Amino acid sequence: RQAILDSSSHLVEIDLLRQYPPMPMEGAGEIGHYRILVSRSERRPQADLYLFSVRDPIPTFPLPLRPGDEEPLVDLNALLHALYDRAGYDLSIDYTRDPVPPLEGEDAAWAAARLRDALSTRTP
Numbered sequence: 006r007q008a009i010l011d012s013s014s015h016l017v018e019i020d021l022l023r024q025y026p027p028m029p030m031e032g033a034g035e036i037g038h039y040r041i042l043v044s045r046s047e048r049r050p051q052a053d054l055y056l057f058s059v060r061d062p063i064p065t066f067p068l069p070l071r072p073g074d075e076e077p078l079v080d081l082n083a084l085l086h087a088l089y090d091r092a093g094y095d096l097s098i099d100y101t102r103d104p105v106p107p108l109e110g111e112d113a114a115w116a117a118a119r120l121r122d123a124l125s126t127r128t129p
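First residue of the sequence shown? That's 6 in my numbering, and the numbers climb one at a time after it.
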């Protein structure tokens, strides 16, 4: 990470892991389960930080390119949902087992309610 930050390359870091502490970031007071960091080489040390929780959709973020090029918006949430549906993960993943690490408190209750709703509408 530091080698990229010391270069003229842009950095896009997508952290979808809850099991490990997030990479340290100076001035990042808020904490989310997940985060996306977009660091444009010409704006360092400033960067855009997108925080989200297990209950939030993954935010859409701009993908930095060369100066003057239009930055496409990356809708990772839509992409992952499309892949999930296309691959049939709902048929192969045992959602009755806790995720690793387990969700806690309101997040666990939210996930349990979503699972109940999904199972009640599933056709055999």
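Backbone N, C-alpha and C define an ideal beta-carbon position, used for all residues, glycine too.
The structure presented is a predicted model; accordingly, all values stated were derived computationally and were not measured.
Short Cβ contact (7 Å threshold) for residue 59 with residue 38:
Taking the sequence shown and counting its residues from 1, the one referred to as residue 59 is at position 54. Taking the sequence shown and counting its residues from 1, the one referred to as residue 38 is at position 33. Closer than 7 Å, so yes.
In whole angstroms, what is the alpha-carbon distance linking residue 109 and residue 23?
Working through the sequence shown from its first residue, we reach residue 109 at position 104. Working through the sequence shown from its first residue, we reach residue 23 at position 18. The straight-line gap from Cα to Cα measures roughly 12 Å.
Which two residues bound the contiguous beta strand (DSSP E) that contains residue 20?
Locating residue 20 in the sequence shown gives position 15, where the first residue counts as 1. 16-20 is the span of the beta strand (DSSP E), which, as asked, contains residue 20.
Can you check whether the CB of residue 42 is closer than 7 Å to the CB of residue 54?
The residue given as residue 54 occupies position 49 in the sequence shown. The residue given as residue 42 occupies position 37 in the sequence shown. Yes.
Residue 63, buried or exposed, once every other Cβ within 10 Å from all chains shown has been counted against 16
Locating residue 63 in the sequence shown gives position 58, counting from the first residue. Burial call: buried.
At the level of alpha carbons, what is the spacing between residue 151 and residue 115?
Residue 151 lies beyond the residue range present for the chain, which begins at 6 and ends at 129; the question has no answer from this structure.
Ordered along the chain, which non-local residues of its own chain (more than five positions away) have a Cβ less than 8 Å from that of residue 49?
Here residue 49 refers to the residue found at position 44 of the sequence shown. These residues qualify, in order along the chain: 10.
Residue 61 versus 31, 96 and 83, residue with shortest Cα-Cα distance:
For this step, residue 61 is matched to residue 56 along the sequence shown. The shortest Cα separation from residue 61 among 31, 96 and 83 belongs to 83.
I need the DSSP call for residue 40, collapsed to helix, strand or coil.
Here residue 40 refers to the residue found at position 35 when the sequence shown is read from its first residue. If DSSP states are grouped into helix, strand and coil, residue 40 belongs with the strands.
Going by the DSSP bridge assignment, what does residue 79 pair with across the sheet?
Within the sequence shown, numbered from 1, the residue matching residue 79 stands at position 74. Residue 79 is bridged to 66.
Span of the alpha helix (DSSP H) holding residue 94?
Position 89 of the sequence shown, counted from the start, is the residue given in the question as residue 94. Residues 94-97.
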